[in-house]
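**Student:** One structure, pasted below without further comment.
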Amino acid sequence: IETELGFDAGFFGERLGLEVTHYDKKTNDLLIAVPLPPSLGLTSTQFKNLGSVSNKGWEFLANAKIIDRDPLALNFTVSASTNANKVLSLGEISPGVPVPPIIFGNQQHRVGVPLGSYFDRSVTFNDANKDGIIDESEITLSDTAVYLGNPLPTHELSVTPEVTLFKLLRISALFDHKGGYKLFDFTRRFRC
């Protein structure tokens, strides 16, 4: 199931261009490794087409020709996007028995959160003796893994200025921002 709506327009003699797109896509029949009973004496999993994922978002693009006279041309492009990704279902092993969360390291495919979400035991600490040093006895770990965050950006923004001199030399830059997601930093974890 896919819905996509778009808008594309040019203004002021094509000196300003705008594009807007909205998408809403549901993907069914994901390839899922379903656990098999050990008594079969075969592999521990079998791939089946199960489950569904939802992706929704917006994409925006604006182009502007600020200066367009020899020997100089100056253009700006701004683009932005949003994305909301969520696992709707992992399917069923048999009627009424859902596929358990798929776990690979600190990431999981689990119903209700984005694909590949980070899960781990949460850590809290309290410098109880106020000596400025966190001792092992002052650290508390949760009993179970908890949701830590989305590995996929939920919003992105980029700006690209471009200068052209004498129609021979083009200089451009890219300023890019991605946000609304987490990265698992194994180097920092090792240091701690």
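For the sequence shown, my numbering assigns the number 3 to the initial residue and increments by one for each residue that follows. We put the beta carbon where it would ideally sit given N, CA and C, even for glycine.
Could you check what DSSP says for Ser139 in three-state terms: helix, strand or coil?
**Tutor:** Translated into the one-based positions of the sequence shown, residue 139 becomes position 137. Ser139: helix per DSSP, three-state reduction.
**Student:** Leaving out five residues on either side along the sequence, give the residues of the same chain with a beta carbon under 6 Å from the beta carbon of His157.
**Tutor:** The residue you call residue 157 lines up with position 155 of the sequence shown. Answer for His157: Thr84, Gly181 and Gly182, listed in chain order.
**Student:** Work out the CA separation of Asn51 and Thr29 for me, nearest whole Å.
**Tutor:** Against the sequence shown, residue 29 aligns to sequence position 27. Against the sequence shown, residue 51 aligns to sequence position 49. Between Thr29 and Asn51, the C-alpha separation is close to 11 Å.
**Student:** Whole angstroms is fine: what's the gap from Ala86's alpha carbon to Thr189's?
**Tutor:** For this step, residue 86 is matched to residue 84 along the sequence shown. For this step, residue 189 is matched to residue 187 along the sequence shown. So the two alpha carbons sit approximately 28 Å from each other.
**Student:** Compute the beta-carbon to beta-carbon distance between Leu176 and Ser160, rounded to the nearest angstrom, for a pair I have assumed lies under 8 Å.
**Tutor:** Locating residue 176 in the sequence shown gives position 174, where the first residue counts as 1. Locating residue 160 in the sequence shown gives position 158, where the first residue counts as 1. About 6 Å separates the two Cβ atoms, so the contact holds.
**Student:** Starting from Phe186, follow the beta strand (DSSP E) in both directions and report where the run begins and ends.
**Tutor:** The residue labelled residue 186 in the question sits at position 184 within the sequence shown. Neither: Phe186 is in no beta strand (DSSP E) and is coded neither H nor E.
**Student:** So, at 8 Å on beta carbons, what are the nonlocal neighbours of Gly151 in its own chain, with the 5 sequence-adjacent residues on each side left out?
**Tutor:** Numbered from 1 along the sequence shown, position 149 holds the residue referred to as residue 151. Hits under 8 Å: Ser119, Tyr120, Tyr183 and Lys184.
**Student:** Would you grab the beta carbon distance between Phe49 and Ala35 for me? Rounded to a whole angstrom, and I think it's under 8 Å.
**Tutor:** As a first step, residue 49 is located in the sequence shown; it is residue number 47 there, counting from the start. As a first step, residue 35 is located in the sequence shown; it is residue number 33 there, counting from the start. Indeed they touch by this definition, with Cβ atoms about 6 Å apart.
**Student:** My understanding is that Leu92 touches Ile104, with C-beta atoms under 8 Å, so please give their C-beta distance in whole angstroms.
**Tutor:** Here the question's residue 92 lines up with position 90 in the sequence shown. Here the question's residue 104 lines up with position 102 in the sequence shown. About 7 Å separates the two Cβ atoms, so the contact holds.
**Student:** Relative to the C-alpha of Gly107, which residue among Trp60, Ala66 and Ala147 is closest?
**Tutor:** As a working note, residue 107 is residue 105 in the sequence shown. The residue with the shortest Cα to Cα distance from Gly107 is Ala147.
**Student:** If you pair each beta-carbon of the stretch 165-179 with each one of the stretch 71-78, do three or more pairs fall below 8 Å?
**Tutor:** Taking 8 Å as the limit for Cβ pairs, the verdict is that the stretch 71-78 does touch the stretch 165-179.
**Student:** Going along the chain, which residues of its own chain have a beta-carbon closer than 7 Å to the beta-carbon of Asn128, five neighbours each way excluded?
**Tutor:** By one-based count along the sequence shown, residue 128 stands at place 126. Cβ neighbours of Asn128 beyond the five flanking positions: Glu140.
**Student:** Classify Ser119 as helix, strand or coil using the three-state DSSP reduction.
**Tutor:** Along the sequence shown, one-based indexing puts residue 119 at 117. Ser119 falls in the strand class under three-state DSSP.
**Student:** Between Leu20 and Ala64, which are expected to be in contact by the criterion C-beta below 8 Å, what is the C-beta distance as a whole number of angstroms?
**Tutor:** The residue labelled residue 20 in the question sits at position 18 within the sequence shown. The residue labelled residue 64 in the question sits at position 62 within the sequence shown. With a Cβ gap of about 5 Å, Leu20 and Ala64 count as contacting.
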